[in-house]
Amino acid sequence: MTSELPTPRGKLTPQRSLSELTWLRVGGPADYLFQPADLEDLQEFLRDLPDDVRVFPMGVGSNLIVRDGGLRAVVIRLGRGFNGIEIDGGQVTAGAAALDAHVARKAADADLDLTFLRTIPGSIGGAVRMNAGCYGTYTADHFVSAQVVMRSGELVTLTAEALDFKYRQSELEEGAVIVSATFAPPSGDAATLHARMEDQLAKRDATQPTKDRSAGSTFRNPAGFSSTGREDDVHDLKAWKVIQDAGMKGAQRGGAQMSLKHANFLINTGDATAADLEGLGEEVRKKVYDSSGITLVWEIMRIGEK
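For the sequence shown, full-length UniProt numbering assigns the number 1 to the initial residue and increments by one for each residue that follows.
In structure tokens, the structure reads:
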């Protein structure tokens, strides 16, 4: 990276390895990792950053493969100061760095139902960016607005219409950084909501390899349409089923394996490289296409250079 970077008040680290910041524990370094001190620091940094420098906002790395060659960009990772959770008048406003599980629990304490977030392994910024969902409910269903710092440094408010939510995706300008989001969830009884979340956790632990290094579901369920016409995953065709039918449950490549517990979970058994993980995923996609004619779409984001 040849452009001169601005000097922020937050922490700016050159050649920062990203492997330890992702759940799969693989990948090379970013040119820089920027951890802003506060909102104003983030705005000023982006405003003064040369236009030719790429920006990549990164959450907790729960749904991400960083390739072994690393990332030619400034990676922005929000921390303290961006993880607050406030509840007012039946609405929940959470910082982008707030963990989904924490938001679900705090909302339940206030008799508000965001229980679908409880088992989603990530933060609110990622949930908005990817329209995360579980149990037939999506982030978009309760979304009101998001505060976003644009690449120019301007702070704007984006509505659901502006983000144009779709199945597992939203439209967000490249380099823009979500800093908070507001939701208007339905009401519920706190005790009932907490009991529901405990049940969800028990079911997840019984069916998914939660003790292994994974990034959650590897591929989207083959898209179907719900009764409302919304592209959805509420139907009988599941990614784990077509992977299992293609004989790829438990398949291995180097240190990467498709879990024996859940066929749609790609895991690092201990010494996998990013190339092992992505390569195995591509093998699975080919086998599934050859056996069923279905083209699986990655749910895990892959970034960087091979």
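Built from N, CA and C at the ideal position, the CB exists for glycine as well. This one's a predicted model, so the numbers in the text were calculated from it and none came from an experiment.
C-beta atoms of residue i and residue j nearer than 8 Å
i, j, result
"S123", "G59", "yes"
"F56", "V75", "yes"
"V177", "L64", "no"
"W240", "N268", "no"
"S170", "G95", "no"
"I87", "H102", "no"
"K306", "G61", "no"
"N221", "K203", "no"
"L78", "P36", "yes"
"T139", "N131", "yes"
"Q200", "K261", "no"
"A272", "G254", "yes"
"L24", "R213", "yes"
Length of the line joining the Cα atoms of residue i and residue j
i, j, result
"R9", "K287", "50 Å"
"D276", "M258", "11 Å"
"D31", "L71", "6 Å"
"L117", "S187", "15 Å"
"A110", "A190", "7 Å"
"R196", "R302", "33 Å"
"residue 338", "E278", "This structure cannot speak to residue 338, because the chain is shown only from 1 to 306."
"L280", "Q91", "42 Å"
"L266", "Q252", "10 Å"
"C134", "I120", "7 Å"
"K211", "S152", "41 Å"
"S296", "R285", "Note that residue 296 corresponds to Leu in the displayed sequence, not to Ser. Each residue's Cα considered, the two are about 6 Å apart."
"Y289", "E299", "17 Å"
"P50", "R80", "26 Å"
"A274", "T218", "14 Å"
"A107", "T13", "35 Å"
"T192", "D113", "10 Å"
"T7", "L158", "28 Å"
"L163", "V156", "12 Å"
"T22", "L99", "15 Å"
"S226", "F143", "In this predicted model, S226 has a pLDDT of only 41, less than 50, meaning its place in the structure is not dependable enough to derive any value."
"L5", "D48", "8 Å"
"A160", "V66", "29 Å"
"F165", "D141", "10 Å"
"A184", "E154", "25 Å"
"Q147", "E198", "31 Å"
"G89", "V128", "21 Å"
"S145", "T182", "5 Å"
"I243", "A256", "15 Å"
"Y167", "V53", "30 Å"
"Q15", "E283", "31 Å"
"M150", "H194", "36 Å"
"G304", "G126", "18 Å"
"E20", "K11", "17 Å"
Distance cut-off 7 Å: residue i Cβ against heavy atoms of the ligand GDP
i, result
"F34", "Here there are no bound small molecules, and the ligand GDP is not part of this structure."
Outcome for residue i when other beta-carbon atoms lying within 10 angstroms are tallied against a minimum of 16
i, result
"K249", "buried"
"L18", "buried"
"G270", "exposed"
"A215", "buried"
"A206", "exposed"
"L33", "buried"
"G175", "buried"
Supposed contact pair residue j and residue i - C-beta distance, whole angstroms, cut 8 Å
i, j, result
"T115", "A104", "6 Å"
"N83", "A73", "Not confirmed; about 23 Å, so no contact."
"A223", "S291", "Going by Cβ atoms, the distance from A223 to S291 rounds to 19 Å, so no, they are not a contact pair."
Below-8 Å beta-carbon distance, residue i vs any chain B residue
i, result
"K203", "The question asks about chain B, but that chain is absent: this structure has only one protein chain."
Could I get the ranges of all uninterrupted beta strand (DSSP E) runs contained in the segment 71-130, with 3 residues as the minimum, in chain order? 71-77, 85-88, 91-95
List in chain order: all unbroken alpha helix (DSSP H) runs of 4+ residues lying wholly within the segment 126-163. 139-142, 160-163
Report the residue ranges of all alpha helix (DSSP H) runs contained in full by the segment 16-65; include only those spanning at least 4 residues, in chain order. 39-48
Kindly provide the ranges of any alpha helix (DSSP H) runs that are 4 or more residues long and lie completely inside the segment 176-251, ordered along the chain. 190-207, 239-245
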